[in-house]
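Heads up: the sequence shown at position 15 corresponds to 14 in numbering that gives the first Met the number 0, and the numbers run straight through without jumps.
Where is the CB? At the ideal position from N, CA and C, for every residue including glycine.
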Amino acid sequence: MKRALVTGAAGFAGQWLCRALLRDGWEVTGASLTTPPPNGTLTDEERGAVRWMLADLRAEDAVADVLDASAPDAVFHLAGISFVPAAREAPVTQTNVLSAVVMLADLKRRQAAGAIAPTVVIVGSAEQYGAHDTSEGPLTEHADCRPRTLYAASKAAQEVFALEAARADGLRVVCTRSFNHSGPGQASQFLIPSLVRRALDARRAPAPRRITIGNGHTTRDFLHAEDVANAYLSLATRGVPGEVYNVCSGTGVTVEDLAREVCARAGVEADLESDPALRRAVDVPWLVGDHTKLRSTTGWTPRRSRTDIIDDLLNAPSH
Numbered sequence: 000m001k002r003a004l005v006t007g008a009a010g011f012a013g014q015w016l017c018r019a020l021l022r023d024g025w026e027v028t029g030a031s032l033t034t035p036p037p038n039g040t041l042t043d044e045e046r047g048a049v050r051w052m053l054a055d056l057r058a059e060d061a062v063a064d065v066l067d068a069s070a071p072d073a074v075f076h077l078a079g080i081s082f083v084p085a086a087r088e089a090p091v092t093q094t095n096v097l098s099a100v101v102m103l104a105d106l107k108r109r110q111a112a113g114a115i116a117p118t119v120v121i122v123g124s125a126e127q128y129g130a131h132d133t134s135e136g137p138l139t140e141h142a143d144c145r146p147r148t149l150y151a152a153s154k155a156a157q158e159v160f161a162l163e164a165a166r167a168d169g170l171r172v173v174c175t176r177s178f179n180h181s182g183p184g185q186a187s188q189f190l191i192p193s194l195v196r197r198a199l200d201a202r203r204a205p206a207p208r209r210i211t212i213g214n215g216h217t218t219r220d221f222l223h224a225e226d227v228a229n230a231y232l233s234l235a236t237r238g239v240p241g242e243v244y245n246v247c248s249g250t251g252v253t254v255e256d257l258a259r260e261v262c263a264r265a266g267v268e269a270d271l272e273s274d275p276a277l278r279r280a281v282d283v284p285w286l287v288g289d290h291t292k293l294r295s296t297t298g299w300t301p302r303r304s305r306t307d308i309i310d311d312l313l314n315a316p317s318h
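Below you can see the structure in the form of structure tokens.
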């Protein structure tokens with residue numbers, strides 16, 4: 000049986016990845032600052048099948064402990080701050096960069112000693128690309144990276160360290176630039192869950208109904224979390240070390256159109272109202288990716304639609 004270590008396993012994407020690994024027959028160790036996760040994304044059976052370890056991966060001894068315990072064939076490094084605004088209030092460099100650096104250094108020592116030589120999937124962010132004109136079309140991995148937030152800069156730095164480890168030290172590192180993803184279990188401050196919550200609140204309210212949004216023209220590329228987890232698994236088994244892959248749908252949608260889609264699926268008629276408080280000055284106006292490289296290398300392709308994301312959230316027990 001293949002063994003996997005998932006860092007940030009109790010998080011939203013981490014739980015979806017644990018599910019995908021278990022279904023593919025892997026033995027899974029999940030490391031996180033809070034473990035095991037509360038009931039939600041994973042079933043009781045799935046939660047019980049994961050070996051959970053409480054670990055602050057910024058500390059060398061904690062990283063050594065989880066690697067000793069898991070002896071992984073693949074490491075999926077998802078640990079870190081994932082909500083862009085939160086990165087301004089938290090030690091984002093230590094959380095998003097130091098944990099990866101410590102993990103890579105320990106793996107380098109183990110590989111040099113002939114102990115283990117796992118594939119390492121380092122999960123980055125499309126925010127690393129920064130602002131690009133829509134005329135550039137869906138962004139390929141060759142597009143310039145112009146990070147404009149602390150969060151994006153931390154992810155870009157993490158990638159630099161990871162690729163250096165691949166090229167200089169021979170570690171089997173694969174990096175992603177993951178675009179927006181959503182689904183059941185995602186926190187309500189993220190865009191689609193927040194729109195679903197507002198639509199359901201509006202459905203229960205008397206007419207005239209209104210739903211607030213931020214900048215309606217902001218355009219993003221969304222995948223279902225299930226497709227993202229399958230992409231990470233595909234990269235661990237078929238990705239090329241030292242390479243970077245976009246994980247995306249290849250299709251963009253504006254916030255305004257997305258809000259209308261949510262309202263339609265929720266069966267509610269409501270006016271959209273732009274709230275300046277929901278706008279972020281550092282937001283990238285347009286962020287849409289090209290997944291040709293990922294698809295041609297691994298055979299991965301998205302199976303779930305944006306409508307599936309919305310419907311799954313509308314039907315989630317929390318609503």
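For Gly29, does the three-state DSSP call read helix, strand or coil?
Three-state DSSP puts Gly29 in a strand.
Should Ile176 and Val243 be called a contact, given that it needs their Cβ atoms to be closer than 8 Å?
The sequence given here has Arg at residue 176, not Ile. Their beta carbons are under 8 Å apart, which means Arg176 touches Val243 by this criterion.
Does DSSP classify Val62 as helix, strand or coil?
Three-state result, Val62: helix.
Just checking, does the region 200–213 make contact with the region 46–56 on the three C-beta pairs under 8 Å criterion?
Touching, no, given that fewer than three Cβ pairs across the two stretches are closer than 8 Å.
How long is the line joining the alpha carbons of Pro36 and Arg46, rounded to whole angstroms?
Straight-line Cα distance between these residues: approximately 8 Å.
Candidates Ile210, His290, Gly266 and Thr236: which alpha carbon is nearest Asn245's?
Here the closest residue by C-alpha is His290.
Do you know whose CA, among Ala224, Ala161 and Asn214, lies nearest Leu103's CA?
The shortest Cα separation from Leu103 among Ala224, Ala161 and Asn214 belongs to Ala161.
Determine the closest residue to His180 out of Arg22, Asp226, Ala142 and Asp143, with distance taken between C-alpha atoms.
Nearest option by C-alpha distance: Asp226.
So what does Glu272 bridge to, in DSSP terms?
Its beta-bridge partners are Thr211.
Could you tell me the alpha carbon to alpha carbon distance between Glu255 and Ile212, rounded to whole angstroms?
Cα to Cα, the separation comes out at about 8 Å.
Among Ala228, Leu21, Arg219 and Ala114, whose alpha-carbon lies nearest the alpha-carbon of Leu392?
Limits of the chain in this structure are 0 at one end and 318 at the other, which puts residue 392 out of reach.
Give the DSSP-derived three-state secondary structure of Met52 in the structure shown.
It is a strand residue.
Can you give the beta carbon distance from Leu271 to Ala263, rounded, assuming they're within the 8 Å contact cut?
Leu271 to Ala263, Cβ: 12 Å. No contact.
Taking just the CA atoms, how far does Leu21 sit from Arg303?
If I take the Cα positions, the gap works out to 19 Å.
Would you mind reading off the limits of the alpha helix (DSSP H) that contains Cys17?
First-last of the alpha helix (DSSP H) with Cys17: Phe11 to Arg22.
Please report the distance separating the alpha-carbon of Ala73 from that of Phe189.
Those two C-alpha atoms are separated by around 29 Å.
With a cut-off of 8 Å on the beta carbons, I'd call Arg18 and Leu41 a contact; round off their distance for me.
Contact holds; Cβ gap of about 6 Å.
Measuring alpha carbon to alpha carbon, tell me which of Arg109, Ser134, Trp25 and Gly29 ends up nearest Leu331.
Past the edges of the chain, shown from 0 to 318, lies residue 331, and the structure says nothing about it.
Would you mind sorting Ser233 into buried or exposed? The rule is 16 or more other CB atoms within 10 Å of its CB.
It is buried - the Cβ of Ser233 has at least 16 other Cβ atoms within 10 Å.
Quick one: is Cys247 near chain D, going by C-beta distance under 8 Å?
Here there is only one protein chain, and chain D is not present.
Which whole-angstrom value describes the C-beta separation of Gly215 and Ser273, a residue pair presumed to lie in contact below a C-beta threshold of 8 Å?
Between Ser273 and Gly215 the Cβ distance is about 6 Å, and since that is below 8 Å, they are a contact.
Could you check whether Ala112 and Val319 sit closer than 8 Å to each other, using their CB atoms as the reference points?
With the chain running from 0 to 318 in the structure shown, residue 319 is simply not present.
CA-CA distance, Arg109 and Phe178?
Answer to the nearest angstrom: the Cα atoms are 32 Å apart.
Roughly how many angstroms lie between the CA atoms of Thr217 and Arg145, to the nearest whole one?
Answer to the nearest angstrom: the Cα atoms are 18 Å apart.
By the 10 Å Cβ neighbour count, where 16 or more other Cβ atoms means buried, how is Asn95 classified, buried or exposed?
With 16 or more other Cβ atoms within 10 Å, it is buried.
Taking the CB atoms as reference points, tell me whether Ala54 and Val27 lie closer together than 8 Å.
It is not a contact, given that the beta carbons lie outside the stated cut-off.
Could you tell me the boundaries of the alpha helix (DSSP H) in which Cys262 lies?
Taken as a continuous stretch (DSSP letters only), the alpha helix (DSSP H) holding Cys262 covers Val254 to Ala265.
Can you tell me whether Phe82 is buried or exposed? The criterion is at least 16 other CB atoms within 10 Å of its CB, across all chains shown.
Below a pLDDT of 50, predicted positions are generally treated as unreliable, and Phe82, at 47, falls in that range; the measurement from the model is reported next regardless. It counts as exposed.
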